[in-house]
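Q: Please find one structure pasted underneath; my questions will follow.
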Amino acid sequence: MPELPEVETIRAGLAPVLIGNRIQHLAIHAPKLRWPIPVAQLQQETCNQIIHTLERRGKYLLWGCGSGHILIHLGMSGRLFVQQGARAAHDHAIWTLENGVRICLHDPRRFGALLWIDGAWQNHPLLAGLGPEPLGERFDADHLHAHCRGRRVAIKTLIMNPRVVVGVGNIYAAEALFLAGVHPARAAQTLSRDDGARLVRAIRQVLQAAIVQGGTTLRDYRQSDGTPGYFALHLNVYGRSGEPCRVCATPIALLRLGQRSAFFCPRCQAEG
DNA sequence: AAATTCTCCTGAAGGC
DNA sequence: TGCCTTCAGGAGAATT
23 MPELPEVETI RAGLAPVLIG NRIQHLAIHA PKLRWPIPVA QLQQETCNQI
73 IHTLERRGKY LLWGCGSGHI LIHLGMSGRL FVQQGARAAH DHAIWTLENG
123 VRICLHDPRR FGALLWIDGA WQNHPLLAGL GPEPLGERFD ADHLHAHCRG
173 RRVAIKTLIM NPRVVVGVGN IYAAEALFLA GVHPARAAQT LSRDDGARLV
223 RAIRQVLQAA IVQGGTTLRD YRQSDGTPGY FALHLNVYGR SGEPCRVCAT
273 PIALLRLGQR SAFFCPRCQA EG
């Protein structure tokens, strides 16, 4: 579940640990995650260098270090934390800082990424085409409405497209559509401008609330200090098929949109 | 069973 | 009708 709130929680937790500290050693124990790990380049470029920034763009983490950036994506099962004990299974990368702190990248399913970017990250192929940050000023009703125009794609699929807006994964897409009262399968082009405005507000609201709760822990996700996130207690539709809607008591429904589960209330989120 | 997102492929739909 | 382009959606990538 690392969606935007989870990655932001990890960033905020690790920033005071990383920033201003020097990387002493990097050990890599897997040849590749989603892509091959450029081991020699990472070691050469970052060892003995100070980490000066820790940024998040969508679900990507960027450590400003030396003359470039370490890029990390947590995929579906990735965790990034301060390692306390011995190395465990699926601990693929371990940074040792000059003060002795060890940072571990752990990812059983290996859908994550660990790459090196020379110089600025804004033009890197993985980042250059990303849509606006959902909590930033550039994400507004105009922007969403422009992307909906002429598109028959389901609105849930559209808001999960990182080229439209970053960071909205399956859980928060479902929750935002519920708050906005929009059926997940509605063709994007049928949304009125007012629907779009409500959806933008709902996306911001649900992401902000989740960040306050430290993210959503279903199974694997932990904050960088090991504690779970508590937004699962606030979920209205995600994972609740068959249970009563908290607003109208109608059983929550589940439909398959693409290859993803789409949970919704058939009454609060009527079609059309 | 499945939280992520890339690339590649196929078939449908739209423009002219 | 037919050709061409774009769009939509599915598979596959790794693993507990």
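Residues 23 to 294 in the working numbering are what the first sequence spells out, letter by letter.
Here a beta-carbon is modelled for each residue, glycine too, at the ideal position from N, C-alpha and C.
(1) Once DSSP output is grouped into helix, strand and coil, what is the label at residue 197?
(2) Report buried or exposed for residue 57, applying the criterion of at least 16 other Cβ atoms within 10 angstroms of its Cβ.
(3) Quick one: grab the DSSP three-state call for residue 86.
(4) If we ignore side chains and look at the alpha-carbon of each, how far apart do residue 82 and residue 153 end up?
(5) Residue 289: which of 149, 136 and 275 sits nearest, CA to CA?
(6) Return the Cβ separation of residue 236 and residue 31 in integer angstroms, given the expectation that the two are a contact with Cβ distance under 8 Å.
(7) Quick one, are the C-beta atoms of residue 199 and residue 178 less than 8 Å apart?
(8) Checking 8 Å against the spacing of the C-beta atoms, do residue 287 and residue 218 come in under that value?
(9) Using the three-state DSSP reduction, which class does residue 68 fall into: helix, strand or coil?
(10) Would you call residue 269 buried or exposed, if buried means 16 or more other Cβ atoms sit within 10 Å of its Cβ?
(11) Is residue 58 helix, strand or coil when you go by DSSP?
(12) Among 50, 149 and 196, which has the Cα closest to the Cα of residue 262?
(13) Thinking C-alpha only, which one of 64, 47, 259 and 120 is nearest residue 53?
(14) Please determine, among 42, 27 and 49, the residue with the shortest C-alpha to C-alpha distance to residue 78.
A: Answer, in terms of the structure:
(1) helix
(2) exposed
(3) strand
(4) 13 Å
(5) 275
(6) 5 Å
(7) yes
(8) no
(9) helix
(10) exposed
(11) strand
(12) 196
(13) 64
(14) 27
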